[in-house]
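Count along the sequence shown starting at 1, add 75, and that's the number in my numbering. The structure under discussion appears below in the form of structure tokens.
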Amino acid sequence: MIAPVDEGELAVLVAGADGPLRVRGGGSHGIGGPGEPISTARLSGITLYEPGALTMVARAGTPLAEIEAALAAEGQYLPWEPPDLRALTGATGAPTIGGVFATNTSGPRRVVAGAARDFLLGVRFIDGRGAVVRNGGRVMKNVTGVDLTRLMAGAYGTLGILTEVSFKVLPRPEAARTLALRGLDAAQAVAVMARALGSPHGVTGAAFLPERAEMLLRLEGPEAALPARVGKLAALIGPLTEAACDWAAIRDGRALAGAGDVWRLSLTPIASPAVVARLPDGARWFMDWGGGRLWVAAAPGSDLRAALGPIPGHATRITGTGGTRFHPEPPGVAALTHALREKFDPRGLFNPGMFD
Numbered sequence: 076m077i078a079p080v081d082e083g084e085l086a087v088l089v090a091g092a093d094g095p096l097r098v099r100g101g102g103s104h105g106i107g108g109p110g111e112p113i114s115t116a117r118l119s120g121i122t123l124y125e126p127g128a129l130t131m132v133a134r135a136g137t138p139l140a141e142i143e144a145a146l147a148a149e150g151q152y153l154p155w156e157p158p159d160l161r162a163l164t165g166a167t168g169a170p171t172i173g174g175v176f177a178t179n180t181s182g183p184r185r186v187v188a189g190a191a192r193d194f195l196l197g198v199r200f201i202d203g204r205g206a207v208v209r210n211g212g213r214v215m216k217n218v219t220g221v222d223l224t225r226l227m228a229g230a231y232g233t234l235g236i237l238t239e240v241s242f243k244v245l246p247r248p249e250a251a252r253t254l255a256l257r258g259l260d261a262a263q264a265v266a267v268m269a270r271a272l273g274s275p276h277g278v279t280g281a282a283f284l285p286e287r288a289e290m291l292l293r294l295e296g297p298e299a300a301l302p303a304r305v306g307k308l309a310a311l312i313g314p315l316t317e318a319a320c321d322w323a324a325i326r327d328g329r330a331l332a333g334a335g336d337v338w339r340l341s342l343t344p345i346a347s348p349a350v351v352a353r354l355p356d357g358a359r360w361f362m363d364w365g366g367g368r369l370w371v372a373a374a375p376g377s378d379l380r381a382a383l384g385p386i387p388g389h390a391t392r393i394t395g396t397g398g399t400r401f402h403p404e405p406p407g408v409a410a411l412t413h414a415l416r417e418k419f420d421p422r423g424l425f426n427p428g429m430f431d
């Protein structure tokens with residue numbers, strides 16, 4: 076594996092490459108593919124952190140754990156809750172901040188706080204010619220014209236190799252409560268979660284665990300204000316009981332580890348119950364994002380996307396071998412994706428076949 080020590084060495088390596096490169100950060104997503112592996116793991120370190128400005132700049136290979144520890148020391152956090160998929164993928168590498176933005180992965184709070192890309196202020200990356208490209212800035216008011224940061228977020232390294240990212244952070248909530256409502260089916264749970272998320276009571280997580288017929292809601296904020304908010308929410312949706320909940324386990328899909336090939340569906344929440352009803356026999360599942368995210372474990376080697384047919388959203392295979400990893404793009408979007416790759420990576424070096 077190629078592991079350059081700095082941005083300059085990486086640029087030289089890319090400029091001189093004569094074949095495909097498989098871009099990876101810490102390797103925690105377990106994504107394979109053709110090409111020589113090239114890792115950003117040695118491009119590590121926090122280069123700027125201004126707690127008062129709620130901004131941080133870090134090299135792409137900086138471990139996510141290092142980022143979170145530095146933020147925790149100042150009472151701050153990453154509000155989009157980036158997942159750690161190692162329990163599912165079996166990978167041993169550590170998640171990196173560059174990998175978080177390259178994959179645009181977000182957890183339960185995404186439904187109210189936004190996705191990873193919404194917090195990305197600026198990037199530095201190496202394009203397919205070996206040139207260093209910088210876009211965005213280190214402050215929230217920066218205006219730079221063309222917003223390449225949003226293109227890089229979720230591109231899975233196909234447009235360039237991230238070397239540095241700058242991003243917004245937020246103060247960590249003082250306290251949190253998880254509330255449960257039991258005895259619901261999928262349609263009832265989605266309806267209640269919609270009311271809760273649409274309320275003014277600050278719900279920051281909404282999940283449904285069908286094996287326990289349990290809907291879970293998370294409230295966060297000042298400790299003194301939580302009892303009143305709990306009471307108002309209960310008056311709106313029904314009797315709630317406090318419950319213990321590991322939201323990190325929901326974030327990471329851990330309940331499905333070892334249960335088969337894991338898929339992650341992004342859907343219109345109101346459509347989730349109908350999609351659940353079409354799941355193959357024996358499939359296990361649970362909902363996050365108020366029904367907007369459906370985690371499914373299907374039989375090994377099966378193509379869940381083909382089994383379901385058209386859905387109002389898209390399905391991504393996280394583990395296993397059935398079907399393509401990513402949902403096929405509509406022809407117009409696929410043409411735009413191809414044109415972007417031709418512009419940023421004209422030799423087709425980076426992660427070829429990623430979205431095929």
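By construction, the Cβ of each residue, glycine as well, lies at the ideal position given by its N, Cα and C atoms. Please read these numbers as outputs of a predicted model, since none were measured by experiment.
Counting C-beta neighbours from all protein chains within 10 Å, is the total for T122 16 or more, i.e. buried, or is it exposed? Exposed, by the Cβ-count rule.
Below 8 Å on the Cβ atoms is my guess for A228 versus A191; work out the distance and round it to an integer in Å. Confirmed, about 6 Å.
Any idea which residues DSSP pairs M362 with across the strands? M362 is bridged to F283, L369.
Do you know how far the Cα of A92 is from the Cα of L85? When the Cα atoms are used, L85 and A92 turn out to be separated by approximately 10 Å.
With 16 other CB atoms within 10 Å as the buried threshold, where does A250 fall? A residue is called buried when at least 16 other Cβ atoms come within 10 angstroms of its Cβ; A250 does not meet this threshold and is exposed.
Give the secondary structure of E295 by DSSP, where H, G and I count as helix, E and B as strand, and everything else as coil. In this structure, E295 counts as strand in the three-state DSSP scheme.
DSSP beta-bridge partners for P246? Under DSSP, P246 forms a beta bridge with Q151.
Just to confirm before moving on: does the CB-CB distance between L259 and F200 stay below 8 Å? No.
How would you call V80, buried or exposed, if buried means at least 16 neighbouring beta carbons within 10 angstroms? By the neighbour-count rule (16 or more Cβ atoms within 10 Å), V80 is not buried but exposed.
With which residues is Y231 paired in a DSSP beta bridge? According to DSSP, which records beta bridges pairwise, Y231 is partnered with nothing at all.
Start and end of the beta strand (DSSP E) containing E111? 111 to 114 is the extent of the beta strand (DSSP E) around E111.
Going along the chain, which residues of its own chain have a beta-carbon closer than 6 Å to the beta-carbon of E82, five neighbours each way excluded? A distance below 6 Å between beta-carbons, with the five flanking residues on each side excluded, links E82 to the following residues of its chain, in chain order: T238.
Closest to A147 by CA distance: which of E111, G101, L129 is it? Taking each of E111, G101, L129 in turn and checking the Cα distance to A147, the smallest one comes out for L129.
For G182, collect the residues of the same chain with a Cβ closer than 6 Å to its Cβ; drop the 5 residues on either side in sequence, then sort them by chain order. For G182, where only same-chain residues beyond five positions count, the Cβ hits under 6 Å are E156, P158, R326.
Please list the terminal residues of the continuous alpha helix (DSSP H) segment that includes E84. Per DSSP, E84 belongs to the alpha helix (DSSP H) from 82 to 90.
Counting pairs of beta carbons, one from the stretch 292 to 307 and one from the stretch 372 to 381, are three or more of them closer than 8 Å? No, the stretch 292 to 307 does not touch the stretch 372 to 381.
Please classify F419: does DSSP put it in a helix, a strand, or coil? Here F419 sits in helix by DSSP.
Put S341 into one of helix, strand or coil per three-state DSSP. Three-state result, S341: strand.
With burial defined as no fewer than 16 other Cβ atoms inside 10 Å of the residue's Cβ, what is the status of R304: buried or exposed? By the C-beta density criterion, R304 is buried, having at least 16 other C-beta atoms within 10 angstroms.
Taking only runs of the beta strand (DSSP E) that begin and end inside the stretch 384 to 420, which ones reach a length of at least 3 residues, in chain order? Fully contained in the stretch 384 to 420 are the following beta strand (DSSP E) runs of length 3 or more, in chain order: 388 to 392.
Compute the Euclidean distance between the alpha carbons of I77 and A410, then round it to the nearest angstrom. Rounded to the nearest angstrom, the two C-alpha atoms are 31 Å apart.
Over what stretch of residues does the alpha helix (DSSP H) that includes G333 continue unbroken? Here G333 belongs to no alpha helix (DSSP H), and DSSP marks it neither H nor E.
Would you mind reading off the limits of the alpha helix (DSSP H) that contains R185? Element bounds for R185: 185 to 188.
For G174, does the three-state DSSP call read helix, strand or coil? Three-state result, G174: helix.
6 Å CB neighbourhood of T396 in its chain, flanking five on each side removed: For T396, where only same-chain residues beyond five positions count, the Cβ hits under 6 Å are G376.
Evaluate contact between the stretch 401 to 409 and the stretch 366 to 374, counting only Cβ atoms and requiring at least three cross-stretch pairs below 8 Å. Touching, no, given that fewer than three Cβ pairs across the two stretches are closer than 8 Å.
Best match in V240, R204, T233 for proximity to N210 [C-alpha to C-alpha]: For N210, the closest C-alpha among the options V240, R204, T233 is that of V240.
Keeping to the same chain, check which residues put their C-beta closer than 8 Å to that of G235; ignore five residues upstream and five downstream. The residues are F200, I201, D202, G203, V208, M227, F419, D420, F425.
Do A435 and T253 have their C-beta atoms within less than 8 Å of each other? Nothing in the structure corresponds to residue 435, since the chain is present only between 76 and 431.
List the residues that DSSP assigns as beta-bridge partners of S241. Partner(s): V132, G197.
So which of G120, G150, Y124, P126 has the shortest CA-CA distance to L139? Cα-wise, what sits closest to L139 is G120.
Give me, in chain order, the residues of the same chain whose beta-carbon lies closer than 8 Å to that of P355; leave out the 5 immediate sequence neighbours on both sides. A373, A374, S377, L379, A382.
Status (buried if at least 16 other CB within 10 Å, exposed otherwise) for D431: It is exposed - the Cβ of D431 has fewer than 16 other Cβ atoms within 10 Å.
CB-CB under 8 Å to Q151, same chain, minus the five flanking residues each way: which ones, in chain order? Answer for Q151: P126, L129, V244, L245, P246, R247, listed in chain order.
So, is E289 buried or exposed, given that buried needs 16 or more other C-beta atoms within 10 angstroms? Taking every protein chain shown into account, the CB of E289 has 16 or more other CB atoms within 10 angstroms, so this residue is buried.
Looking at the structure shown, is K216 part of a helix, part of a strand, or coil, going by DSSP? Legend: pLDDT at K216 = 46, less than 50; position of this residue unreliable, value from coordinates given subsequently. In the structure shown, K216 sits in coil (DSSP, three-state: anything other than H, G, I, E or B).
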